[in-house]
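All residue numbers for the sequence shown refer to the numbering used here, where the first residue is 86 and numbers rise by one.
Cβ coordinates follow ideal geometry from the N, Cα and C atoms, glycine included.
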Amino acid sequence: MEQKYLKRTIKKENLYSTHLETEKKALVYLPPDFDTNQKYPALFLHDGDDYFSLGRIATQANKLIDEQKIEPLLMIAIPVEKKLRTREYSPIGDRQQAHIAFMTEELLPYIQDRYPINKEQLVVGGSSLGGTVSLHMALEHSSIWNKILSQSGAFLSQTFSALSDKKLNWLSIYQSIGLEETNVSTHIGEVDLVQRNRKARAILQAGDANVHYLEQEGDHTWGTWQKELPTALQFFFGK
């Protein structure tokens, strides 16, 4: 018999972004026993379709909810056109500001109008550059985005500069890195993401951010990120 947590409810939404000048999609995960009269915390995910298909995050969330390890939540997954990913997610990308404006000024209100989310319990995150852009969203809109999920964040010098000498006690971040990520191919060449994540952690802690930092065996792949998602979900949504 199929486990009940394998049954997923995911709604498809489409909206036009004036900031990005294109049609955007969003996949919205609804928890088991979804109740429109209840307010839910919400997790917004960059590379969102990959989180569902490769990270299996919907199935994992269902299982954790069924086991009463996390509270029910909504997850809003935003796919990205791969050829535009670096331009929209990287701090040196020419479309990053437009992407951040889309997420904050267009997507968030669109979701709030259609789903019962608790605006005080918003988390935004992603893997690699998806974690990077999530952190930059928080730095630009701290009153809205102050909880960040960063898996193998591809942090650049621009990120360190934006973080340095800041008071960050308003920020809560789950930050993870695989110990084999010492020579990762990126848009700026081969980089040591282990050292970059350690540097980011030091700056975040110096600014009094609430940092949950995890180093584990693994490389820059969905195999690594999928395995630790239950830990990340329990950090933000654990009972």
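Inter-segment contact for the region 176 to 193 and the region 137 to 146 is absent: fewer than three beta-carbon pairs are separated by less than 8 Å.
Straight across, the Cα-Cα distance linking residue 262 with residue 282 is about 7 Å. Look at the beta carbons and you see the region 168 to 177 not touching the region 197 to 204: under three pairs across the two are nearer than 8 Å. Rounded to whole angstroms, the separation of the alpha carbons of residue 138 and residue 274 is 28 Å. Along the region 242 to 317, the alpha helix (DSSP H) occurs as fully enclosed runs of 4 or more residues at 242 to 248 and 278 to 291, listed in sequence order. Bridge partners of residue 162 according to DSSP: 112 and 130.
Pairing residue 241 with residue 122, the inter-Cα distance amounts to about 42 Å.
Per DSSP, the beta bridge partners of residue 95 are 114. In this structure, DSSP gives residue 174 a helical state, which the three-state scheme calls helix.
DSSP places residue 169 within a helical segment (H, G or I) once states are collapsed to three. Looking at 249, 131, 253 and 151, the one whose alpha-carbon comes closest to that of residue 323 is 151.
Here residue 308 is exposed, its C-beta having fewer than 16 other C-beta atoms within 10 Å.
The count of Cβ pairs closer than 8 Å, one atom from the region 249 to 269 and one from the region 229 to 239, reaches three, so the stretches are in contact.
For residue 297, same chain residues with a beta-carbon under 6 Å away, outside a window of 5 residues either side, are 259 and 320 in chain order.
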